[in-house]
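Report on one structure; see the data block that follows.
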Amino acid sequence: MAEKKHSIWVFGDYRNYFQNRVTLQLLSRANDLAKMIDAEVCATVFGHEVDEWVGEYIAHGASKVYVCDHPALTFYSTDIYVVLMERLVRQYGPEIILVGATSFGREFAPRLAKRLKTGLTADCVGLDINDEGLLVQTAPAFGGSLLTRIVTPEKRPQMATVRPGVFQEIPHNYQAAGEIVNVPLPDDLPGDRIRLVSSERQAAREQKLGDASVVVCGGRGMGSRKKFRNLYELARVLGGEVGATRPVVYAKWADEDALVGQADKHISPKVLFSFGISGAIQHTAGIKNAGFIIAVNKNPNAAMMKMADVAIVADAGQVCTALIRELKKRIRS
Amino acid sequence: MLKMIVCMKQVPMVSDLPWDPITGTLTRGAAEGMMNPACKHALEAALLLKEKHDGHITAITMGPPSAEEILREAIALGADRCLMVSDPKMAGADTLATSFTLARAIEIFCPDFDLILCGCHTSDSETAQVGPQLSEELDIPSIASVESLELREKTLRITRVSDHFLETLEMDLPGLVTIATGRFIPRYASMAGLGDAFQDPGILTVGARDLGLDEHDVGLKGSATRILDIFTPVGRKENIVLTGAPKKIVEELFERFDDAIGSVIRKDLKAEK
Chain A
2 MAEKKHSIWV
12 FGDYRNYFQN
22 RVTLQLLSRA
32 NDLAKMIDAE
42 VCATVFGHEV
52 DEWVGEYIAH
62 GASKVYVCDH
72 PALTFYSTDI
82 YVVLMERLVR
92 QYGPEIILVG
102 ATSFGREFAP
112 RLAKRLKTGL
122 TADCVGLDIN
132 DEGLLVQTAP
142 AFGGSLLTRI
152 VTPEKRPQMA
162 TVRPGVFQEI
172 PHNYQAAGEI
182 VNVPLPDDLP
192 GDRIRLVSSE
202 RQAAREQKLG
212 DASVVVCGGR
222 GMGSRKKFRN
232 LYELARVLGG
242 EVGATRPVVY
252 AKWADEDALV
262 GQADKHISPK
272 VLFSFGISGA
282 IQHTAGIKNA
292 GFIIAVNKNP
302 NAAMMKMADV
312 AIVADAGQVC
322 TALIRELKKR
332 IRS
Chain B
145 MLKMIVCMKQ
155 VPMVSDLPWD
165 PITGTLTRGA
175 AEGMMNPACK
185 HALEAALLLK
195 EKHDGHITAI
205 TMGPPSAEEI
215 LREAIALGAD
225 RCLMVSDPKM
235 AGADTLATSF
245 TLARAIEIFC
255 PDFDLILCGC
265 HTSDSETAQV
275 GPQLSEELDI
285 PSIASVESLE
295 LREKTLRITR
305 VSDHFLETLE
315 MDLPGLVTIA
325 TGRFIPRYAS
335 MAGLGDAFQD
345 PGILTVGARD
355 LGLDEHDVGL
365 KGSATRILDI
375 FTPVGRKENI
385 VLTGAPKKIV
395 EELFERFDDA
405 IGSVIRKDLK
415 AEK
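Which chain is which? The protein sequence lines are A and B, in order. Counting from 1, position 198 in the first sequence corresponds to residue 199 in the numbering used here; the numbering is continuous, with no gaps. Counting from 1, position 204 in the second sequence corresponds to residue 348 in the numbering used here; the numbering is continuous, with no gaps.
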């Protein structure tokens, strides 16, 4: 096969592999993009005893994998990974680097971009190649109410972090073959300015709200703690989860676990009921991936009402009660 | 004495945003501003450390002259000193140019810091990149999205949740943290405090030349990225408005959207015939 002109790299983020498919999704999109700019798709894997992931990435579309396998890399370390990646990039000169917008990716990619003095677009929801062969990166701003299209015209590589769930992974192909490039661990790694004391996998609890297909969210407009409790009954009837705004959590109407909003928790239900929520940006940022939105508020001009599919102008508490009653009537086991 | 820097940004409060159609950047002068919510949490974390460890806080912002308001607010809340980095040449900076400019300002005006605190991200561009990039630029360690922090001598012990791992880390100072919005609930400034802060003349304002930078280093010219355009996502919602008595509304909701809701909860929501 003829040598490709460029390469597109995908950072192999294998932690939480079974929940976090973003690396596979990026390998898939990288393959589409590679056809448009004559590039080969490469993955990087840093860690210890990582053969499994190397195989997975090849099976999902990487034609080359740069592997650094060493006991010193047993735990993810931003400091070390940034140095390793910077050296590889300087050595091989990829045209594009894609990183999943996980917690790790969103800390790792900015620091790598800074060292390489190149541009980086955060949390992309679209990637394309334009007529000039530039990577066009579509990223949300203002809680997803606007999208911006961004390019890095001159600096290389072009870098983006990409939100999980945007692209579809290529089905696993056992026949796929790929080249493995073993990279030695440099012996002049930075000192341990940051030391890991402990790292514990968290219980699955946190994912419940994030994965729910129906979420019932309540804000201060529910009126009282007592009325807020009705949302739990509604959620039960709908088979969904309850989310809450920050003021509600502060007022102890709901647990901290239920908080929906920027950085704290992003939810992506297919149906979202929103009760008595004005729609402050901190909250709406957390629901930008929601599907069908039904909002209830006395104020028809509330931001939350404007972004809803159905905006119900009424008392949130009363509508909640009416919904529970009507649903129980309609759901026949 | 623990010398801290809190980096903060003024963000627009409104959702109708005045964009410059030519550069694709926000016409900041035209949007009413507030302190970015996450920056308030970072300031709160700094204030708690200050109370415990005899600290000193310098609040820094980069932005148009109107951003001075958030520095005044920071003073009212307990910051000791402010630095305003403002220059028309700095407009349109991406995170690379912003972190570069902030780093130069810090090196010149507060080089002997122990700890820099930033919000974990802004509510407008939401990149979460400036904090980590600033630490690279200053060659200091950094930890993002910190939920608790405790100072022991010259070491900071922090906890955070990263991709479902609860991590406890130790970082040598000087260093940088970005603060998650969950734990540090911002205090309110008293009206009297706010009034005093707006009388306080002591805000140092510096421009590109004071930092020894030329126009190619900062703002749009110093940025690696370019915004092609800004648009509203396609497939805008129909936004159907229902009014009336709750019972009637709920009936109408199910008449019209029984399939949309029923298919998700896997129940037949059609009314009994």
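All C-beta atoms, glycine included, are put in the ideal place defined by N, C-alpha and C. All figures in this text were calculated on a predicted structure; none of them were measured in a lab.
Taking one beta carbon from each stretch, the region 67-80 of chain A and the region 30-50 of chain A have 3 or more pairs nearer than 8 Å; the two touch. Arg116 (chain A) is a Cβ neighbour of Glu87 (chain A), given a cutoff of 8 Å. In the DSSP assignment, Arg301 (chain B) forms a beta bridge with B:Glu294, B:Glu314.
Relative to the Cα of Ser334 (chain B), the nearest Cα in the group B:Phe342, B:Thr303, B:Phe328 belongs to B:Phe342. Following the DSSP letters along the chain, one finds Tyr18 (chain A) in no alpha helix (DSSP H), marked with neither H nor E. The beta-carbon of Ile81 (chain A) is placed no less than 8 Å from the nearest beta-carbon of chain B. DSSP places Asn174 (chain A) outside both helix and strand once states are collapsed to three, so it counts as coil.
Ser275 (chain A): member of the beta strand (DSSP E) spanning 272-276, first to last residue.
The three-state secondary structure of Leu135 (chain A), taken from DSSP, is coil.
Under the three-state reduction of DSSP, Ala44 (chain A) is assigned to strand. Look at Gly275 (chain B) here: in three-state DSSP terms it is helix. Straight across, the Cα-Cα distance linking Asp193 (chain A) with Gly318 (chain A) is about 54 Å. The closest CA to that of Thr24 (chain A), considering only A:Gly62, A:Glu4, A:Cys321, A:Asp188, is found on A:Gly62.
Secondary structure of Cys264 (chain B) (DSSP, three-state): coil.
By the C-beta density criterion, Gln203 (chain A) is exposed, having fewer than 16 other C-beta atoms within 10 angstroms. Neighbours of Glu297 (chain B) across chain A, judged by C-beta separation under 8 Å, do not exist; the nearest C-beta is about 14 Å away. Here the alpha carbons of Ala245 (chain A) and Cys321 (chain A) stand approximately 15 Å from one another. Burial check for Lys6 (chain A): the Cβ neighbour count within 10 Å stays below 16, so the residue is exposed. Gly177 (chain B): member of the beta strand (DSSP E) spanning 177-179, first to last residue. About 6 Å separates the CB atoms of Ile9 (chain A) and Leu34 (chain A); that is less than 8 Å, so the two are in contact. In terms of CA proximity to Ile130 (chain A), A:Glu96 leads the group A:Asp70, A:Glu96, A:Gly56. Just measuring C-alpha positions, the residue of B:Lys147, B:Cys262, B:Gly236, B:Pro208 sitting nearest Lys184 (chain B) is B:Cys262.
Remark: C-beta atoms of Ser289 (chain B) and Ser104 (chain A) approach each other more closely than 8 Å. Lys156 (chain A) reaches chain B at Ala368, counting residues in chain order whose Cβ is nearer than 8 Å. Nearest to Asp80 (chain A) by alpha-carbon distance, out of B:Ala404, B:Ile284, B:Arg400, is B:Ile284. Collapsing the DSSP output to three states places Asp412 (chain B) in coil.
Annotation: Cβ neighbours of Tyr251 (chain A) in chain B (cutoff 8 Å, chain order): Ile329.
Here the alpha carbon of Gln277 (chain B) sits roughly 28 Å from the alpha carbon of Glu133 (chain A).
By the C-beta criterion, the region 253-272 of chain B is judged to be in contact with the region 314-327 of chain B, since at least 3 inter-stretch pairs fall below 8 Å. Contact check for Leu148 (chain A) against Pro141 (chain A) passes: the beta carbons are separated by less than 8 Å.
Setting aside the 5 residues that flank it on each side, Ala190 (chain B) is surrounded in the same chain by Met148, Val150, Ile201, Leu261, each with a C-beta closer than 6 Å to its C-beta; the list follows chain order. Counting only residues of its own chain and dropping the five nearest sequence neighbours on each side, Pro165 (chain A) has a CB closer than 8 Å to the CB of Asn21, Arg22, Val23, Gln26, Gly101, Ala102, Thr103. Gly236 (chain B) sits buried, since 16 or more C-beta atoms from the chains shown fall within 10 Å of its C-beta. Taking the C-beta atoms as reference points, Ala309 (chain A) is found nearer than 8 Å to Lys381 (chain B).
No Cβ-Cβ contact shorter than 8 Å links Met206 (chain B) with Gly363 (chain B). In the displayed model, Pro165 (chain A) falls within coil according to three-state DSSP, outside both helix and strand.
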